[in-house]
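Below is one structure, written out as structure tokens; the observations come after it.
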DNA sequence: ACGAAATTGGAGTATCAACTCCAAAATCCG
DNA sequence: CGGATTTTGGAGTTGATACTCCAATTTCGT
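Right under this line is the structure:
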């Protein structure tokens with residue numbers, strides 16, 4: 001990868017990016033297996049030889065798509081989660097997720113979750129890669145909750161690690177139910193319920 | 208279906224069932240797209256003509272698999288959820304789910320959830336079918352919680368409908384995270400956290 | 001500008017999976 | 001038992017898809 005990346009022209013890099021972005025979009029909207037190389041070629045406006053010049057095969061392209069989506073998702077959530085000033089900021093985080101889903105008309109669900117479900121049983125390497133992505137996401141949430149706890153906005157005996165797992169599960173489950181029902185409500189309700197739970201664990205601010 | 212089912216010999220019914228069960232298993236363990244008709248033939252011990260005698264094509268077989276898994280899942284959960292005597296019975300429900308997942312070594316995740324993720328963006332009919340399956344599951348949970356509420360084991364101002372959505376999301380999200388990490392812990396933690404939330408909504412029994 | 005290296009175009013191939021067809025065998029019902 | 005019906009076996013066809021190959025062109029460092 002370093003060898004190849006080193007010898008990559010600006011134009012080449014642009015072409016490679018175009019392929020990855022197109023592949024990521026198509027795989028989200030139609031699933032990995034049902035996205036053909038030909039579809040990706042058409043969407044990215046490249047010829048077969050170009051695609052195979054940058055990627056040895058479909059597996060390698062899938063790897064690149066996972067990396068791309070991981071970066072995209074973690075970037076968005078990092079912004080929202082790094083400063084959970086008040087418990088209300090959790091509500092803004094929820095709004096961001098619900099808005100993105102609504103803009104997509106609930107198509108595709110979670111960019112990482114759908115890849116995980118598609119690939120977990122067919123590509124062990126991809127599964128490991130996605131497990132790491134979820135671990136990173138979970139850690140982002142845990143960190144945010146731990147910060148809140150240090151500010152005294154969360155009970156001292158609450159476990160940010162377990163709450164982060166439960167929150168991420170609520171997000172993933174909510175996204176799946178929203179995807180299958182084409183209705184953003186399940187995601188909103190699932191996340192709101194977890195936020196309610198955090199409220200219940202919130203200490204009164206005054207000592 | 209009625210026409211065909213009417214003219215179905217005992218042996219024919221057995222063969223059909225064998226095909227559906229084999230297909231359901233393979234699709235859970237490898238995904239729908241990566242399960243070939245040939246694989247199903249081999250697993251069920253039937254020839255191509257037999258399979259196409261009972262099903263017009265792969266789509267019809269997928270429909271049958273969804274029906275089969277829906278029945279399987281709802282049957283299991285009906286048993287657990289129809290009598291939520293105390294809040295502890297929720298813990299037994301969680302144990303059933305965690306045990307099933309552990310026996311599968313976290314392979315496949317949820318029989319309905321993985322189908323939903325696989326098919327939502329490629330087969331609108333299947334998506335609708337799965338949406339109905341989840342609605343039924345959700346209703347089972349809602350009913351159980353509503354019963355608890357009537358017995359006074361849940362606060363009167365709690366909303367069993369929304370809690371059911373959140374609980375089902377926790378189950379689905381937990382199963383996905385467990386599947387991808389090959390560790391039953393996320394499912395356990397996600398469901399336990401929702402149970403904790405219900406605890407917090409539980410009125411003291413004594414007035 | 002110039003040569004080496006990266007990039008691109010498009011025709012072609014090999015494989016695999018879904019599906020078909022027809023005749024033989026087993027099964028059911030009166 | 002006997003005839004109609006259902007069930008089964010297996011070879012063959014069609015279409016799609018991942019992937020290859022090589023020559024032409026563009027880009028980059030010096």
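Protein chains in written order, with the working numbering: chain C, 1 to 207; chain P, 208 to 414. Note that beta-carbon positions come from the ideal geometry of N, C-alpha and C, so glycine has one too.
- For residue 262(P), no alpha helix (DSSP H) run applies, since DSSP gives it neither H nor E.
- Identification of chain C residues near residue 273(P) by a Cβ-Cβ cut-off of 8 Å yields none; the smallest Cβ-Cβ distance measures about 12 Å.
- Membership of residue 10(C) in the alpha helix (DSSP H) is indicated by the continuous run 10-30.
- For residue 408(P), there is no enclosing alpha helix (DSSP H), as DSSP marks it with neither H nor E.
- The Cβ neighbour count for residue 284(P), taken over all protein chains shown within 10 Å, is at least 16; the residue is labelled buried.
- If you draw a straight line from the Cα of residue 248(P) to the Cα of residue 122(C), it is about 20 Å long.
- Collapsing the DSSP output to three states places residue 70(C) in a helix.
- Taking 8 Å as the CB threshold, residue 391(P) stays off the interface with chain C.
- In this structure residue 406(P) is exposed. Its beta-carbon is surrounded by fewer than 16 other beta-carbon atoms within 10 angstroms.
- Following the DSSP letters along the chain, one finds residue 148(C) inside the alpha helix (DSSP H) bounded by residues 124-150.
- Straight-line spacing of the CA atoms in residue 340(P) and residue 47(C) works out to 43 Å.
- Spatial neighbours of residue 127(C) in its own chain (CB-CB distance under 7 Å, excluding positions within 5 residues in sequence) are listed in chain order as 119 and 120.
- In the three-state scheme derived from DSSP, where H, G and I count as helix and E and B as strand, residue 110(C) is classed as coil.
- Collapsing the DSSP output to three states places residue 104(C) in coil.
- By the neighbour-count definition (other C-beta atoms within 10 Å, threshold 16), residue 399(P) is a buried residue.
- At least one C-beta of chain C is nearer than 8 Å to the C-beta of residue 386(P).
- Cβ contact annotation for residue 381(P) (same chain, cutoff 8 Å, sequence separation greater than five): 393, 394, 395, 396, 397 and 398, in chain order.
- Taking 8 Å as the CB threshold, residue 325(P) lines the interface with chain C.
- With respect to the 8 Å criterion, residue 313(P) and residue 263(P) are not classified as neighbours on the basis of their beta carbons.
- Check the Cα spacing between residue 81(C) and each of 43(C), 11(C), 65(C) and 164(C): the tightest is with 164(C).
- Annotated as proximal: residue 170(C) and residue 194(C), with beta-carbon spacing under 8 Å.
- Residue 228(P) has a beta carbon lying at 8 Å or more from every beta carbon in chain C.
- For residue 178(C), the enclosing alpha helix (DSSP H) has its first and last residue at 160-181.
- Taking the CA atoms as reference points, residue 176(C) sits about 10 Å from residue 375(P).
- Among the residues of the region 21-40 of chain C, those with a Cβ less than 7 Å away from any Cβ of chain P are 29, 30, 31, 33 and 34, in the order of the chain.
- Around the beta carbon of residue 153(C), 16 or more other beta carbons lie within 10 angstroms, which makes this residue buried.
- Taking 7 Å as the cut-off between beta carbons, the residues of the region 321-350 of chain P near chain C are 321, 323, 324, 325, 327, 328, 329, 334, 337, 338 and 341, in sequence order.
- Judged by beta-carbon spacing, residue 365(P) lies beyond the 8 Å limit of residue 297(P), meaning their Cβ atoms are not closer than that value.
- If you ignore the 5 residues before and after residue 281(P), its C-beta comes within less than 8 Å of the C-beta of 340, 343, 344 and 347, all in its own chain and listed in chain order.
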